[in-house]
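Just so we're aligned, residue 176 is where the sequence shown starts under the numbering used here, counting upward by one. Heads up, the beta-carbon is just placed ideally off N, CA and C, and yes, glycines get one too. Quantities reported herein were computed from a predicted structural model and do not represent experimental measurements. Heads up, the thing below is written out as structure tokens.
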Amino acid sequence: MSVADLSKTELRAAALARRDAVPLPQRIAAATIITAHKLPIEMPTGAVVSGYAPIKSEVDPLPLMKTIAARGLTLALPVIAGLDRPLVFRAWTADTVLVRGPLGIMQPDEDAEEVEPDIVIVPLAAFDRQGHRIGYGAGQYDRTLERLRKSKHIIAIGVAMAAQEIAAVPAAVHDARLDLVLTEREIIDCRGS
């Protein structure tokens, strides 16, 4: 069976198994390397950058987010507003109270200010070099990126282990593309794809 014959569910499972197989020290090292990348985008002072609270074996974006914050940018984390709705974003600092959201993911509580990100750091299960990604199957980031892109220019950045790359993601019309993918090996610029 070729990669083209596999469903998103099968590709997701295989990519997550490869990511899960990466030992914790290597995932920590990957986060450090990703944080050291010089991003090929402008990040004006005051811009809002949303990351995510990592779960399971995801690469931890928090070191990258802290480095970004040191440049004078505002940080945010996503909040699940409903399973079939786009995410909302709330301001986040090291002092922000986090609560467990509907899917068990940590998110800012209701007291945190709602913000609109200019840059969205996106978790993923698998990706290709054209900027297509496979998430966890709920479509929340697809809906969210579509909503944000209707109102302003944003940059969507996937963060992953190189082992999560696949030759081609079977993308549908509604699947939102990433602009960049950061791995421990390289920065993949998908904007020209």
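Using C-beta distances below 8 Å, list every residue in its chain close to residue i, excluding the 5 sequence neighbours before and after it, in chain order.
i	result
Asp-317	Gly-310, His-349, Asp-350 and Ala-351
Asp-286	Val-272
Ile-329	Pro-292, Asp-293, Ile-294, Val-295, Leu-320 and Leu-323
Strictly by DSSP, which residues pair up with residue i?
i	result
Pro-253	Phe-264
Val-344	Answer is none; Val-344 lacks a bridge partner.
Arg-275	Met-281
Could you tell me whether the Cβ atoms of residue i and residue j are closer together than 8 Å?
i	j	result
Gln-315	Pro-261	yes
Thr-249	Val-272	no
Ser-232	Val-197	yes
Ala-346	Val-297	no
Val-344	Val-234	no
Ala-300	Ala-192	no
Report buried or exposed for residue i, applying the criterion of at least 16 other Cβ atoms within 10 angstroms of its Cβ.
i	result
Ser-225	buried
Met-240	buried
Gly-312	exposed
Pro-236	buried
What does the alpha-carbon distance come out to for the pair residue i and residue j?
i	j	result
Arg-304	Leu-355	9 Å
Ala-269	Pro-277	22 Å
Glu-289	Trp-267	10 Å
His-212	Arg-246	14 Å
Lys-325	Ala-204	36 Å
Gln-282	Ala-228	7 Å
In chain order, what residues of the same chain have a beta carbon less than 7 Å from the beta carbon of residue i, not counting five sequence neighbours either side?
i	result
Ile-363	Arg-304, Leu-355 and Val-356
Ile-230	Ile-280
Asp-337	Looking at the sequence shown, residue 337 is not Asp but Ala. So the list reads Thr-358, Glu-359 and Arg-360, once near-sequence residues are dropped.
Lys-327	none
Thr-210	Pro-238, Leu-239 and Thr-242
Just to confirm, does residue i get its C-beta within under 7 Å of one of the non-hydrogen atoms of the ligand ADP?
i	result
Ile-203	Among the components modelled here there is no ligand, and therefore nothing to report on the ligand ADP.
Spatial neighbours of residue i within its chain, please: CB distance less than 6 Å, with the 5 preceding and 5 following residues excluded, ordered by chain position.
i	result
Asp-284	Val-272 and Val-274
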